[in-house]
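**Q** Numbering (the working numbering), first residue to last: 1311 to 1407.
Using N, Cα and C, we set each Cβ at its ideal position, and we do this for glycine too.
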């Protein structure tokens, strides 16, 4: 199933289709789960504000980057010399249940 062999420092490694390296072709790993594996849905924050200088940003999906927020037509840039301390206080839960 798409397996290949690589030699590293004189040792044969079996590389399977998930790019896992196994010590040799005779190694067998068997994992059995008693319950179905659940996958968590993780969400990212969409806005943030610096607690020191007031810089405000939002996440732009099209650009895949943070963008400066505008308020009354003016960009909320804050201080260019600030080491931003974003308003992360532990109330944001990235795991969606």
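(1) Could you tell me the alpha carbon to alpha carbon distance between residue 1363 and residue 1380, rounded to whole angstroms?
(2) If you count every other CB in all the chains shown that lies within 10 Å of the CB of residue 1384, and 16 or more means buried, which is it?
(3) Look at the Cβ atom of residue 1388, then the Cβ atom of residue 1358, and state whether they are nearer than 9 Å.
(4) With a threshold of 6 Å on Cβ separation, who are the neighbours of residue 1350 within its own chain once the five nearest residues in sequence on each side are excluded?
(5) Could you have a look at residue 1311 and say whether DSSP puts it in helix, strand or coil?
(6) From the DSSP secondary-structure annotation, give me the bridge partner or partners of residue 1358.
**A** Taking the coordinates as given:
(1) Roughly 15 Å between the two C-alpha positions.
(2) Exposed, because fewer than 16 other Cβ atoms sit within 10 Å of the Cβ of residue 1384.
(3) Against a cut-off of 9 Å, the Cβ pair of residue 1358 and residue 1388 comes out as no contact.
(4) Hits under 6 Å: 1405.
(5) Low confidence applies here, because residue 1311 scores a pLDDT of 47, under 50, leaving its location unreliable and the question unanswered by this model.
(6) Answer is 1367, bridged to residue 1358.
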